[in-house]
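Visitor:
There are 4 protein chains.
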Amino acid sequence: MVGEEEVRKAAFEAGIKLGAVFHQFVGMPVSFENAKMIERTMESCLRLQPYVVNSYVNIDRVKLAEKLSKFNYTSLSGDMLFVRVTVRVGDTEVVGRLKWNEELKYPLMELED
Amino acid sequence: MVGEEEVRKAAFEAGIKLGAVFHQFVGMPVSFENAKMIERTMESCLRLQPYVVNSYVNIDRVKLAEKLSKFNYTSLSGDMLFVRVTVRVGDTEVVGRLKWNEELKYPLMELED
Amino acid sequence: MVGEEEVRKAAFEAGIKLGAVFHQFVGMPVSFENAKMIERTMESCLRLQPYVVNSYVNIDRVKLAEKLSKFNYTSLSGDMLFVRVTVRVGDTEVVGRLKWNEELKYPLMELED
Amino acid sequence: MVGEEEVRKAAFEAGIKLGAVFHQFVGMPVSFENAKMIERTMESCLRLQPYVVNSYVNIDRVKLAEKLSKFNYTSLSGDMLFVRVTVRVGDTEVVGRLKWNEELKYPLMELED
Chain A
3 MVGEEEVRKA AFEAGIKLGA VFHQFVGMPV SFENAKMIER TMESCLRLQP YVVNSYVNID
63 RVKLAEKLSK FNYTSLSGDM LFVRVTVRVG DTEVVGRLKW NEELKYPLME LED
Chain B
3 MVGEEEVRKA AFEAGIKLGA VFHQFVGMPV SFENAKMIER TMESCLRLQP YVVNSYVNID
63 RVKLAEKLSK FNYTSLSGDM LFVRVTVRVG DTEVVGRLKW NEELKYPLME LED
Chain C
3 MVGEEEVRKA AFEAGIKLGA VFHQFVGMPV SFENAKMIER TMESCLRLQP YVVNSYVNID
63 RVKLAEKLSK FNYTSLSGDM LFVRVTVRVG DTEVVGRLKW NEELKYPLME LED
Chain D
3 MVGEEEVRKA AFEAGIKLGA VFHQFVGMPV SFENAKMIER TMESCLRLQP YVVNSYVNID
63 RVKLAEKLSK FNYTSLSGDM LFVRVTVRVG DTEVVGRLKW NEELKYPLME LED
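Residue numbers (the numbering used here), protein chains in the order written: chain A, 3 to 115; chain B, 3 to 115; chain C, 3 to 115; chain D, 3 to 115.
(1) Which one of R63(B), V89(B), R10(B) and E8(B) has the shortest CA to CA distance from L41(B)?
(2) I need the straight-line Cα distance from E112(A) to L83(B), nearest angstrom please.
(3) Which complete alpha helix (DSSP H) runs does the segment 49-88 of chain B hold, if anything under 4 residues is left out?
(4) When you compare each of K11(C), F27(C), K19(C) and E15(C) to G80(C) by their alpha carbons, which one comes out closest?
(5) Using a Cβ-Cβ cut-off of less than 9 angstroms, give me the residues of the segment 17-37 of chain D that come near chain A, in sequence order.
(6) By Cβ distance below 7 angstroms, which residues in the same chain neighbour K65(D) in space, the five residues on each side in sequence not counted?
(7) Quick one, are the C-beta atoms of R99(A) and R86(A) less than 9 angstroms apart?
(8) Taking only three categories from DSSP, how would you classify M111(B)?
(9) What span of residues does the alpha helix (DSSP H) with V9(B) cover, start to end?
(10) Would you mind giving the Cβ-Cβ distance between F14(B) and A22(C), rounded to the nearest angstrom? I have them listed as a contact below 8 angstroms.
(11) What's the call for N74(A), buried or exposed, on a 16-neighbour Cβ count within 10 Å?
(12) For a cutoff of 9 angstroms on Cβ pairs, would you count F84(C) as touching chain D?
(13) May I ask you to check if the CB of P52(D) is nearer than 8 angstroms to at least one heavy atom of the ligand NAP?
(14) What is the DSSP secondary structure of E41(B), reduced to helix, strand or coil?
(15) Using the Cα positions of P109(A) and T94(C), report the straight-line distance between them to the nearest angstrom.
(16) Round the Cβ separation of E45(A) and Y58(A) to the nearest angstrom and send it over; I've been treating them as touching at under 8 angstroms.
(17) Are V4(D) and V96(D) close, meaning C-beta to C-beta below 9 angstroms?
(18) Which residue's Cα is closest to the Cα of W102(D): E105(C), S77(C), E104(C) and L106(C)?
(19) Compare the C-beta of E112(B) with all C-beta atoms of chain G and state if any pair is closer than 9 angstroms.
(20) Mind pulling the chain A residues with CB within less than 7 angstroms of L10(D)?
(21) Closer than 7 angstroms, Cβ to Cβ, to anything on chain D: give me those residues from the segment 64-85 of chain B, in chain order.
(22) Between Y53(A) and G29(C), what straight-line distance do the alpha-carbon atoms span, to the nearest angstrom?
(23) List the residues of chain B whose Cβ lies closer than 8 angstroms to the Cβ of G98(C), in chain order.
(24) Within this structure, are the beta carbons of E35(B) and K72(A) separated by less than 9 angstroms?
(25) Say whether chain C places a C-beta atom closer than 9 angstroms to the C-beta of T43(A).
(26) In angstroms with no decimal places, state the Cα-to-Cα distance between L70(B) and L20(A).
(27) Taking the beta strand (DSSP E) that N103(D) belongs to, which residues open and close that run?
(28) Whose Cβ in chain A lies nearer than 8 angstroms to the Cβ of L48(B)?
(29) Do A16(C) and G92(B) have their C-beta atoms within less than 9 angstroms of each other?
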């Protein structure tokens with residue numbers, strides 16, 4: 003695979019991982035008690051997948067606090083999530099990122115430079 | 003099965019259906035364009051399941067409008083959902099309902115009388 | 003709430019939890035590496051929810067081994083899952099169980115006696 | 003955006019859509035009765051998302067028939083799914099495809115030429 007093909011494939015794979023982790027985990031019951039465990043589980047699910055060399059997930063505790071129901075937990079939603087995944091194809095590494103964008107009201111996924 | 007067993011089983015089955023439909027569909031891309039289709043798909047998924055004799059789903063269009071991203075859609079969330087499912091076991095029918103409760107900040111599931 | 007109402011509500015709540023956990027977690031990337039973590043995360047998600055006093059999840063490692071892809075993981079599916087959840091409403095406790103039934107080809111959910 | 007950036011972004015976006023649709027819909031109750039409706043709903047969810055210009059989903063009816071439970075439906079799984087999504091960024095179009103690969107036992111996602 004030549005350079006540009008590798009880059010394209012790496013970008014494609016990074017996209018797959020972000021789309022997957024978002025739609026698999028949104029809706030999950032989350033509280034201050036298990037937020038750390040869910041972060042680690044999300045990271046492990048990312049790392050199982052082909053080409054992934056690193057993953058990081060953070061659930062925003064301020065947003066979590068705001069959204070807690072009277073039962074002291076809520077459903078995981080896009081506005082609490084920060085995800086970064088590093089994908090390597092051949093010699094090419096790309097980093098994909100999911101970050102809530104308040105202006106767009108959207109869990110924006112982007113390639114980092 | 004005697005009366006009380008039937009009631010218990012019907013209540014159990016109604017619970018299964020509401021828990022299932024919520025966690026399967028939350029996160030789904032939804033807009034004014036496909037909200038009706040998603041409602042009908044949710045109803046069809048409910049009706050496939052054992053003991054279900056009726057189902058009704060409504061996505062709150064006012065909430066939907068409020069939550070639309072700049073890309074003109076959003077992720078389906080509990081605060082937009084109203085679901086009613088009727089379950090029959092033997093001669094017993096029970097109706098389960100999912101309705102957002104603003105005070106509890108929670109998608110409350112209850113048995114109707 | 004009198005006795006029968008409690009039983010009915012407990013059965014309903016047990017159903018909700020099993021339907022929820024199944025449809026939230028099915029599809030999750032799972033391998034021998036993170037199966038234990040996913041089990042614990044599923045249990046924590048069950049325990050966050052109202053009325054739950056105990057939860058247990060097991061992912062069948064033999065089924066997991068059979069289903070592993072060439073990439074050494076697979077998607078969590080109903081035929082690997084065993085779940086037990088204990089729900090208490092007032093003085094009433096009920097136990098709900100999800101267990102794959104090979105004859106029915108179905109992740110059967112039932113109330114234990 | 004210059005050519006290569008567009009290609010990379012288009013590949014990334016195609017990946018997002020395939021990862022998303024897979025993990026959102028896997029687990030959904032499906033039968034011969036609602037398979038067509040689910041296909042159309044999946045296509046509509048794909049088309050709502052930024053940069054998507056076309057989408058096609060097919061649920062393999064032979065696999066579906068094999069997997070039907072005694073209750074005449076099953077949970078949607080990766081081995082039944084074929085998805086094609088066309089993404090356009092600027093002047094660049096790429097096509098992403100999800101297709102079950104029996105040898106890998108894996109729902110392989112790839113960029114078409």
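Quick reminder that beta carbons are idealized off the backbone N, C-alpha and C, glycines included.
Guide: Put simply:
(1) In the sequence under discussion, the amino acid at residue 41(B) is Glu, which differs from the Leu named in the question. Checked all of R63(B), V89(B), R10(B) and E8(B); the closest Cα to E41(B) is R63(B).
(2) 30 angstroms
(3) Counting only runs of 4 or more, we get 63-69.
(4) F27(C)
(5) G17, I18, K19, L20, G21, A22, V23, F24, H25, Q26, F27 and V28
(6) Around K65(D): D81 and M82.
(7) In contact: R99(A) and R86(A) (Cβ atoms closer than 9 angstroms).
(8) Three-state result, M111(B): strand.
(9) G5 to F27
(10) Not really, about 13 angstroms apart at Cβ, beyond 8 angstroms.
(11) exposed
(12) Not closer than 9 angstroms to any Cβ of chain D, the Cβ of F84(C) fails to qualify, so no.
(13) Ligands displayed in this structure: none; no statement on the ligand NAP is therefore possible.
(14) helix
(15) Inter-residue distance for P109(A) and T94(C) is about 42 angstroms (C-alpha atoms, whole angstroms).
(16) 7 angstroms
(17) no
(18) S77(C)
(19) You won't find chain G in this structure, because its protein chains are A, B, C and D.
(20) Note on identity: in this sequence residue 10(D) is Arg, with Leu being the wrong assignment. Those within 7 angstroms of R10(D) in chain A are V9, R10, A13 and L113.
(21) F73 and Y75
(22) 19 angstroms
(23) Below the 8 angstroms Cβ cutoff, chain B contributes F14 as neighbours of G98(C), in chain order.
(24) no
(25) yes
(26) 21 angstroms
(27) T94 to N103
(28) Chain A residues near L48(B): none, gap ~17 angstroms exceeds 8 angstroms.
(29) no
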